Every structure is written in C-alpha cells, then in structure tokens.
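The structure appears below as structure tokens.
There are 2 protein chains.
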Amino acid sequence: MENNDITTVAHKAKEAFLKTMSMDNETKNKALELIKEKLLEKKELLYSANRADSNNAKQLLEENKINQAAFDRLKFNGSKIRELIKGIDDLIKMDDPVNKPIWQKELDEGLILKKISTPIGVIGVIFESRPDCFIQISSLIIKSGNCAILKGGSECQNTNKALHSIVQEALKEAGMPENTINSVYSRDDIKKMLSLDKDIDLIIPRGSNSLVQFIQENTKIPVLGHASGICHTFVDENADFENTKKIIIDAKTQYPSACNATETLLIHKNYPYINELKEALKKSDIELIENPLDYHKEYSDRILAIKIVNDLDEAIEHINKYGSGHTDAIISKKQENIEKFMNLVDSSSVFANCSTRFSDGYRYGFGAEVGISTNKTHARGPVGLEGLTIYKYKLYGSNNIVDDYTKGIKTFKHKFI
Amino acid sequence: MENNDITTVAHKAKEAFLKTMSMDNETKNKALELIKEKLLEKKELLYSANRADSNNAKQLLEENKINQAAFDRLKFNGSKIRELIKGIDDLIKMDDPVNKPIWQKELDEGLILKKISTPIGVIGVIFESRPDCFIQISSLIIKSGNCAILKGGSECQNTNKALHSIVQEALKEAGMPENTINSVYSRDDIKKMLSLDKDIDLIIPRGSNSLVQFIQENTKIPVLGHASGICHTFVDENADFENTKKIIIDAKTQYPSACNATETLLIHKNYPYINELKEALKKSDIELIENPLDYHKEYSDRILAIKIVNDLDEAIEHINKYGSGHTDAIISKKQENIEKFMNLVDSSSVFANCSTRFSDGYRYGFGAEVGISTNKTHARGPVGLEGLTIYKYKLYGSNNIVDDYTKGIKTFKHKFI
C-alpha cells in the first residue's frame, strides 16, 4: 500500500513540518489536551489492544524470547494513563520552546540580528516495547513543533496502533497536520529510514547496544542517543560509610538494567571502609567483580565491577578511558575534589553525592525525555524539549549592502541589545 | 614517521583535550596574545614561506589548475596580519564561552542541577588554501577550549607549516598543550580522519560541494558545514526600485563565488519594475537565466536565475524545495509578509531588506567563523565560539537516592533558581 510506504510517510512528515514549525503554543497545547481526553475516553479500546499484545507476548515469554521485565513493561493500564496525563500536564504548563529569542544584536543602525529557537524537522524515533513511550515521545514532538516517524517495539504493535489513532484524531481536531506524528511497524522500515536523509533530519534510537551501533554505522542522518551506559561511582577517601552504602545500593539495584545504573565502583585506596562496603553490597545481593579483565562491560544486572584506585586522578583517568560519557558520580566531602571531578570527567552528566539513577529527563524536570545522548554535539544527557530545538538567524535590514562595509563607508557596531 | 601519523595525532589531541576543556580564560587569552606577538615578530619568516607557496602556485596558475582568485587568496602579507590581529583582539575581549551556567534548577532540597557550557572535544577542520584561515580557526578553537586537527589546502603548505609552529610556540609559552592545535598536510589524511571516530568528535569541512559530500557520506563522525549555498532573494510586489536594485547587485556581485551570494531571484508577478530591474542587472554585467531547467544549480559566478512567482506562498515553497537552507532574503515593505517569510522559510539565515552576503561569522559579530552550517542539528548558520560549545549537566546532591522518589517518600520540586 503506497500510503504506508516509509518513503511516502517521510515525505508527508516533511510537508507537515512546514506547518508545525510555526504552530502557536495554544494550538499545540490544544492537541495535547485532546490526547489526554482521548486516553481516558478510549481506555477500554486501548486495554483491549494491549490485551492482544500481552497474549502474543505471553507465548514469547514461555519460549524465553523475552524476559519477565520486558513482558511487564508491555502493560498498559489505568496507572500508566494517570502517569501519562501527569506528564502531558507538565508539558502543557511549559513555555513554548520555539520562536524564543536567544539573543539579539545591533550589527549596525537599521540592521538587527536575532537568534531565534526553532524546531529541527522530521525526527525518526526507534524505541522499545513500552506503550507509554509512544505517548511521551509524541507529546514532546508536538510541543516542540517537530514531526516524527515512530517505530515502537513490535511486541506493542496493537497498543501503538490504537495510541497512534488517538494522537492523529487529537492533531486533526486541534487543527494540526495528522502527519505530525507518523507510525511505522515493520523492522524493515528501520533500515529504509536510514537512507531517507532528504526528509529525515535526526534519528533517535533507543534500544540494544547493537541496534544503536548498527544505526550509527549505516546512516548519514545525525543520530542522537547512546549505545551503552557504563556509569561509574567513585568513592573518595573522605566519604562516610552509611551514605556511601545507601547511594551505591540505589545506583546499582534500584533498576539494574537501566542505562544510568552504576556498572563500575572506583574506591580510593585510603577509604577506611573498603571491606565493610563490599560486605554490605554483597548482603544487598550484588555480585562484585574485582579487577575484571574488561572494564568496558555493561552488566545491566545486579553485578558491579570494583577497582581500588590510588587517587582522584586515577579515578578520572579511568572514567575518561572506559566510561561511555553517560553519567558518573563522586562521593566526597571535599569540595575541591568534587569540582575537579565534575570539571575533568568528560561525561554528559557528572554527579556529586547522589545516585547515578537521577540521570533521566523526568527527574531533571524536562517532563519526559526522547532519549539520553552521549553525543558530543547538539544535545548531551537526557533530551527533552530543549534538545529537540535548534535555532535560525533572522536579520532585519533597511536596504543594507555588504559593499559599504568592505569599502569602509560603514562599520559594524555589533552591540547586544 | 610515527609521530606524524594522523592516528597518533588524533590520540594526542584527545589527550590534550582533557586539559584544554577546563583551561581558564586567562591562559587561553595569553596564548592568543602570544600568537599576535609572534605573527609580527616572525613576519619575515612567514612571508618567505608564503613566497615558496606562491612560486609553486604560479605554475598551477599557468597550467590552469587554479584560477586567479584562488592564487590571490594564497597571499599572506602585512594587511592579512593586521586583519588577523584585529580578529584575535575581538576574540580576546569576548567572554569565555565555556564553563558558563546556562540555567540551574532545584530538583529538590539539597539536589541542584546545573547546565554548564563546555567545549566539544577534538575537531577536524578541512579548509581551503587561505593561510589566514589557519590562524582564524586556531584562535576560535583555543578560545573555545577545544582541540583541532587542521588540514589546510595543499597550495598553502609552507605558510601553514610556519603558522603552525608559531601557534605551537604560543601554546607552549602560555602553558597550554602543544597538541591543542595539530596540522596535517596530506590528502590521504582526510580519508583516514573519517575513520577516527573514537578520538575525533566533529568534522568541519570547507571546500567544494563534492569534497563536503564525500565526507558526509564516508564517516560516522558528525559533520558540520554546507555542501552548497543556493541562496534566494524574493522581491515582493510592494518593493521599490532603487533599493531592490542595490541589494540584488550586492547580493550577486559583491563576491559572486561566495556561498552566501544570491543564486536565484524570485520576483512577485505584480512587482511594477520587473523589466527595469532586469535591464539594470544586465547593465551590471550579470547574466540572467530565466526559467532555468535546474533551480538546484549554484552558479558561483555573475549569473542569476530568475523566476516570476504568483505570490509570497509560491516564493516560500520554491525556496523550501530548491534552496540549500543557507540564506534567503525578502525585499518587502509589508511587515506581515516579512514575518511570514522569515517564519516559514526553513533556512539557517532568513533576511529582510538586505543583501544575502551579510551571512558570515565576522559580520554577525562572532569574531570569525569556522564555517557555515546548513545542518538542522547542533549549529546552524555561521559557526563561531557558541557553535563550538556544548554543555554538560552537573548534579550536586546531599546523599540523595532515586528510591525515595519512586516510593513517594520525597517529591521533586523542579524549580529554576
């Protein structure tokens, strides 16, 4: 069917973007309000679609093709709807992230340059089998004036289709293009998406390391995300026992398979509670691997690599060498060490005296996130509305020509106003 | 020689970055001051290196392998040094672009999130045979706390080598790593550079469309730049004659081969001076091509494509279809039309009532530029210090754990402070 071909979808999304990029905040919020309403109105329909997904997934679970955690994440119920509505409410309250003046400058009399935030364009988002993600990502895309092509995990296909029709109805009723949010369902569409660099401006893949790496290596479209989350916590020599224990247990066990869970614990050799700490971690059902051969490993489980380091410098060096630039923390009472760590560890998020698990768009107050980036350009860390914007320059002249300036008839003022 | 191997160079640059990223403004400015001093002290040495390049290039000119304009751009003389010194002075006066707080937020009591500007990392810059670029780019890289691998046009090799040793001396005397600025000279190094994604964080290619496209297609490192500059000027029905003529002549002829020169003129069908304008342009030695078959063409010469359009909407549609997202201008007296054009044309720079030639880092007041970007992510338009930065998140805690928030024992405040 030609209409569902991803090339056509991408083209329609690009056309839609020429409208959404200048949509006012009121219209975008109206679409978000309607999504909220429809989630409640059509919940039975959503639950029934989700039951179909769950039934299919049950077989996958029995065949050990997915694990219990993945099966649980498929669930779409009243508490998920309440969480989503809260997230959308947060987004509605936020300022419009686009068409905001970043700065303005008088280049010369009658020649005013304005740097203005804008949306990016068409964004391809590939995400795991979690139906709540469909709505979170759609909401961020709508509020930021972008358009998207979503490819959710296939285990959620029925729920995502039902959610997609809700989103499209809401867009239509609010007076926004239906093609603001597009959804594709086949795994082949991911491959095709990578070649559509004329219409797709950014790809945000969430999922396994191998999927993200495959995407990074097979497209010239910019890719925003992270392949791995090798996060560290460094325990300084002056750290106490109780707080250190509490933070590390949270950082490792609160959600062991999350990308922001700590994978490697670095301990200063003079920390007085090394053995006590190890015992406490073992008692919390954490397997410790001392001096592993490979510090690049992401365990995603209740397993923690441990290394005793000579000093803060060695900790920083280790992190910059083996880390993935995601999130790294120091536990220390010495402000000087904290600042040194936070300045010299080249990661998107650097923490002092708290759990690496805080690295998350919702916890950062972004309403939600489309992903967490370990890129060095465009956006780093959890990506919310701000990371979905870029800017343009608007120059307001009064019949100015460059020749006057190169000939020295006029000179630039370059004054911020 | 192993030390000059680009893999080694990139690795040393990455090591240097771990120092430059937290360098204070004073040290960076000191290096810039020393570059200024040394440019004057060693000018005879520079002139002599430049004479060698000019002599080699003379032969290329005679063999028609380069044109007169390219030959002229090779020249490095007193006036070039004066311009460079002025540019460096501007940069020295500018605030440090890194380690600047962008915003800070109280996530909860004793849990403060700061978004702080940082440099990016190691940047590969490929640029044309213009020795002044070597110093301009080096200065921007130093001030922004990044490190660079520069590959200048081979016709400038001797001058670039002399400039590189000046820059490295200045870095050393200022107490910065010499490998902050690295220089490679072989064309093969460009190809090798594209595979070094572990050490190089960004590539900025300047040069021919084919070079930029080759780079975009053959690396997974982010690429910032523009392959082509297909800029438009749209003449609205209410535009006058004299100013319109003046602006278009400047936009086309002030530097016809520049990427920000207007390539296509769109005229509203009701503009009363269509014929007079055409005559005036022809008299200014501009060749007009009416209704060409290919509107994607970049003439880079005193040639201008012309199209009569029915209205503003058709002009906007044409630009979004055929433009390269570089710079597009409207000449109009109607504020409403100006705003519509500037909001709906999806280009990095949108101008009203002035020449497209203003699209340039120096003219925008950035001191200089490393390039002009038509990307939709990271940086758009002329890229100066701001475009060479990114950010990190610093989270200052007081022994906070995520478990308290998921269990509802604590709740987030998310308050900007």
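Protein sequence lines correspond, in order, to chains A and B.
According to numbering that gives the first Met the number 0, the stretch in the first sequence is residues 0 to 416, in order.
According to numbering that gives the first Met the number 0, the stretch in the second sequence is residues 0 to 416, in order.
Ideal Cβ placement from N, Cα and C applies to all residues, glycine included.
Every value quoted in this text rests on a predicted model; they were computed, and no experiment measured them.
- prompt: Distance, Cα to Cα, D95(A) vs K42(A)?
  reply: So the alpha carbons of these two residues sit roughly 29 Å apart.
- request: Using a Cβ-Cβ cut-off of less than 9 Å, list which residues of the segment 84-97 of chain B approach chain A; keep chain order.
  value: Hits within the stretch, in order: D89.
Interface positions of the segment 215-227 of chain A facing chain B (Cβ-Cβ less than 7 Å), listed along the chain: Along the segment 215-227 of chain A, going in chain order, the ones with a CB nearer than 7 Å to a CB of chain B are Q215, E216, K219, P221.
task: Evaluate contact between the segment 236-253 of chain B and the segment 268-275 of chain B, counting only Cβ atoms and requiring at least three cross-stretch pairs below 8 Å.
output: Touching, yes.
Nearest-angstrom Cβ-Cβ length linking F350(B) and T326(B), presumed shorter than 8 Å: Contact flag correct, Cβ pair sits at about 7 Å.
Q334(A) versus E105(B): straight-line alpha-carbon distance, rounded: Straight-line Cα distance between these residues: approximately 19 Å.
message: Does H225(B) pass the burial test, meaning 16 or more other C-beta atoms within 10 Å, or should it be called exposed?
response: H225(B) comes out buried.
message: Taking 7 Å as the threshold (C-beta atoms), are L303(B) and L264(B) in contact?
response: In this structure, L264(B) sits near L303(B), with a CB-CB distance shorter than 7 Å.
message: If the criterion is Cβ atoms closer than 7 Å, does the pair S182(A) and L223(A) meet it?
response: Going by C-beta atoms, S182(A) is not nearer than 7 Å to L223(A).
- prompt: Looking at the unbroken alpha helix (DSSP H) that takes in H163(A), where does it start and where does it end?
  reply: From DSSP, the alpha helix (DSSP H) with H163(A) extends over 156-173.
query: Are K393(A) and I115(A) touching if we call contact CB-CB under 7 Å?
result: Yes. Within cutoff.
- prompt: Expressed to the nearest angstrom, what Euclidean distance is found between the alpha-carbon atoms of S153(A) and D52(A)?
  reply: The straight-line gap from Cα to Cα measures roughly 9 Å.
message: On the CB-based measure, 16 or more other CB atoms within 10 Å of its CB, does D345(B) come out buried or exposed?
response: Buried, by the Cβ-count rule.
- request: Look up H231(B) in the DSSP assignment and give the residues it is bridged to.
  value: Its beta-bridge partners are T263(B), D327(B).
- request: Quick one: using the 10 Å Cβ neighbour count with 16 as the cut-off for buried, is G77(B) buried or exposed?
  value: Flag for G77(B) reads exposed.
message: According to DSSP, simplified to helix, strand and coil, what is Q434(B)?
response: An answer regarding residue 434(B) cannot be provided, because it is not within the stretch 0 to 416 covered by chain B.
Per-residue contacts from V349(A) into chain B (C-beta, under 9 Å): Near V349(A) (Cβ distances below 9 Å), the residues of chain B are K391, Y392, K393, L394.
- prompt: Quick one: what's got a C-beta closer than 6 Å to E40(B)'s C-beta in the same chain, skipping five residues either side?
  reply: Excluding sequence neighbours, E40(B) sits near nothing in its chain.
query: Near N336(A), what residues of its chain come up, given a Cβ to Cβ distance below 6 Å and the 5 sequence neighbours on each side ignored?
result: If we look at N336(A) and ignore the five residues flanking it on each side, its Cβ neighbours are D235, L311.
message: Is there a Cβ of chain B sitting closer than 7 Å to that of L311(A), yes or no?
response: The Cβ of L311(A) sits no closer than 7 Å to any Cβ of chain B.
- request: Assuming T261(B) contacts T232(B) (C-beta within less than 8 Å), just tell me the rounded distance between them.
  value: At roughly 5 Å, the Cβ-Cβ gap stays under 8 Å, so T261(B) and T232(B) are in contact.
query: Tell me which same chain residues have a C-beta within less than 8 Å of the C-beta of G386(B), skipping the five on either side of it?
result: Cβ contact annotation for G386(B) (same chain, cutoff 8 Å, sequence separation greater than five): L223, V369, S372, H377, A378, in chain order.
- prompt: Where do the ends of the alpha helix (DSSP H) carrying K13(A) lie?
  reply: First-last of the alpha helix (DSSP H) with K13(A): 5-19.
message: So for A367(B), helix, strand or coil by DSSP?
response: Three-state result, A367(B): coil.
query: Count the other CB atoms within 10 Å of the CB of T410(B); is the residue buried (16 or more) or exposed (fewer)?
result: Classification of T410(B): exposed, given that the 10 Å Cβ count is below 16.
- prompt: Mind checking if K245(A) is an interface residue toward chain B, Cβ cutoff 7 Å exclusive?
  reply: For K245(A), the answer is yes, since a Cβ of chain B falls inside 7 Å of its Cβ.
task: Go ahead and label R81(A) buried or exposed: buried means 16 or more other beta carbons lie within 10 angstroms of its beta carbon, across all protein chains shown.
output: A residue is called buried when at least 16 other Cβ atoms come within 10 angstroms of its Cβ; R81(A) does not meet this threshold and is exposed.
task: Give the interface partners of D200(B) over in chain A, defined as CB-CB distance under 9 Å, in chain order.
output: The contacting residues are N374, K375, T376.
task: Anything in chain A within Cβ reach of K104(B), meaning under 7 Å, just list it in chain order.
output: Those are G364, listed as they occur along chain A.
Chain-ordered neighbours of M22(A) on chain B, where CB pairs are closer than 7 Å: Chain B residues near M22(A): none, gap ~10 Å exceeds 7 Å.
- prompt: Which of the residues in the segment 50-71 of chain A, read from start to end, lie with their CB under 9 Å from any CB of chain B?
  reply: Those would be none; no residue qualifies.
query: Looking at the unbroken beta strand (DSSP E) that takes in F350(A), where does it start and where does it end?
result: Note, F350(A): beta strand (DSSP E), 348-353.
message: So, with DSSP's three-state summary, where would you put N417(B)?
response: Nothing can be reported for residue 417(B), as the shown portion of chain B is limited to 0 through 416.
field: Start-to-end residues for the alpha helix (DSSP H) that takes in D123(A)
entry: According to the sequence provided, residue 123(A) is Gly. The question's Asp does not apply to it. No alpha helix (DSSP H) contains G123(A), which is instead part of the beta strand (DSSP E) from 121-125.
- request: Can you grab the Cα-Cα spacing for the pair E1(A) / E289(A), in whole Å?
  value: In this prediction, E1(A) has a pLDDT of 44, which is less than 50 and means its spatial position is unreliable; nothing more can be read from the coordinates.
- prompt: Going by DSSP, what residues sit across from K113(B) in a beta bridge?
  reply: K113(B) is bridged to Q103(B), K393(B).
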